[in-house]
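Here the protein sequences line up with chains W and L, keeping their order. For the first sequence, the numbering used here gives the first residue as 1, with consecutive numbering after it. For the second sequence, the numbering used here gives the first residue as 1, with consecutive numbering after it. No residue lacks a Cβ here, since even glycine has one placed at the ideal position from N, Cα and C. Note sheet for the following structure.
There are 2 protein chains.
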Amino acid sequence: MEKPDIIALLSKHIRISDEMATLITEYSQIKSLPRETTILREGQRATECFFILQGCMKKYYLQDGEDKITKFYTEGEVITPASYTNQEPSKYYISTIEETIVSFGDPNSENEIYKTHPKLESLTRKLGEIFMVKTNNEFDNWVSHNPEDRYLNLVKNRPDLIQRIPQYDIANYLGIRPESLSRIRKRLAK
Amino acid sequence: MEKPDIIALLSKHIRISDEMATLITEYSQIKSLPRETTILREGQRATECFFILQGCMKKYYLQDGEDKITKFYTEGEVITPASYTNQEPSKYYISTIEETIVSFGDPNSENEIYKTHPKLESLTRKLGEIFMVKTNNEFDNWVSHNPEDRYLNLVKNRPDLIQRIPQYDIANYLGIRPESLSRIRKRLAK
DNA sequence: TTTACTTCTTAACTTAAGTCAATGAGAATG
DNA sequence: CATTCTCATTGACTTAAGTTAAGAAGTAAA
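Pasting the structure below:
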């Protein structure tokens, strides 16, 4: 399989020097996951973290027998499961929605490469800070808007998700029932 | 002023070696901020990040003339304003609620110390990852619960906040009106 | 101590989401 | 072509939060 352009996707977030680009390209491991593949289940410990090169995934909890989606991930996004970081059993599931191509890493090779290439750890720290800002903005945006505004926001900023993902999953993610999303769409259609 | 125990607070999150402890204690700058002090305003660029040693702060947006609180910070929590990381004008305000003692850093001295002590950058990366997990958990917990559950959760996990912070600020943070919080408390009293 | 102010509570009414049930539209299957 | 299944929509009714206004309780100020 041809390697998708990991450097181009990373460069959207942070400036990558040629030296780093070579290093990353050399060390990156890539694999493809079929659609509807669950890569992490509740109770499991994650052994890998991911960077999405192509495709779409979701994170969801099983609450009272129902899925609760809290995040969609698409191209250029990093998935570092909590259980990868803290080595505790996961509280949530992660599954692909479409066929998804990812770059992945594990703790051993991560630490190994940081030891030999401290500049990469520095890059990772900075990238982590950038994603932290994004995550915080997302949180703030969420808690300060109602479902209708959140839907409008999604339509505006992530029109791809509206296309790719069935409406009942969108509603689930927005924190409402499919019936309510229907009504919101009807209200907005005017 | 006597230095509060920064090492003890950091150790709640991550193991700190004696070597790192000495380094952190030596380099940490500490100051006290009076109550109701706004340390960052919308439109400003943050020049400092903070680690709370004692006290309480809040982050809030000014939306349609009304405050919208999205986060309270207390002892042991890190405040890295988005505008500190990306050097863009801040979209939100940060203020103290009580008198607050903080350890603070600026980009120059941060980069300087990372250059001479790469182990500290490694520690910072790990700490950042730990806070990322906490932030993600908070987000998930938020979006998957209703106001009543969020209030119960706060009472259970952050009883200190219920004591320290006026009810209208708690309601604001919970995403509801003070009247609704009153009703929730009444419902629960039964 | 009287007054003003702040915070919380209560009540009546409105609005939007939840729930349950029925229907419609399209795609997949026999 | 008819049948089945999935997903989205609609309607009727319930529940909880928003809104507006009024009052209660406590604290600070005059």
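Nearest CB-CB separation between W/T47 and chain L: not below the 8 angstroms threshold. When beta bridges are read from the DSSP output, L/S32 appears opposite L/I101. W/Q167 sits in a helix when the DSSP states are folded into three classes.
In this structure, L/M57 lies away from L/T124, with their beta-carbon atoms at least 8 angstroms apart. The beta carbon of W/D140 sits closer than 8 angstroms to some beta carbon of chain L. Counting along the chain, the unbroken alpha helix (DSSP H) around W/S109 starts and ends at 107 to 116. For W/P89, the number of other beta carbons within 10 angstroms of its own is below 16, and it is reported as exposed. Against chain W, a Cβ distance below 7 angstroms from L/V133 picks out A82, T85, N86. The CB of W/Q63 comes closer than 8 angstroms to the CB of S144 in chain L, given here in chain order.
The straight-line gap separating the alpha-carbon atoms of L/Q54 and L/H13 is approximately 16 angstroms. Interface residue (Cβ-Cβ distance to chain W less than 8 angstroms): L/K68 is classified as such. Chain-ordered, the chain L residues with CB closer than 8 angstroms to the CB of W/I130 read T85, N86.
No Cβ-Cβ contact shorter than 8 angstroms links L/V78 with W/A82. Following the DSSP letters along the chain, one finds W/T37 in no alpha helix (DSSP H), marked with neither H nor E. Interface with chain W (8 angstroms Cβ-Cβ cutoff): L/P107 is excluded.
Around the C-beta of W/K71, 16 or more other C-beta atoms lie within 10 Å, and the residue is accordingly described as buried.
Between the segment 9 to 25 of chain W and the segment 114 to 122 of chain W there are three or more C-beta pairs closer than 8 angstroms, enough to call the two in contact. A distance below 6 angstroms between beta-carbons, with the five flanking residues on each side excluded, links W/I184 to the following residues of its chain, in chain order: E148, Y151. Against chain L, the CB of W/P118 has a partner CB under 8 angstroms away; the residue lies at that interface. 8 angstroms or more divides the Cβ of W/S95 from the Cβ of W/F51. Assignment of L/E66 by DSSP, reduced to helix, strand and coil, places it in the strand class. Out of L/Y168, L/I7, L/P107, L/G65, the CA that lies nearest to the CA of L/R45 is found in L/P107.
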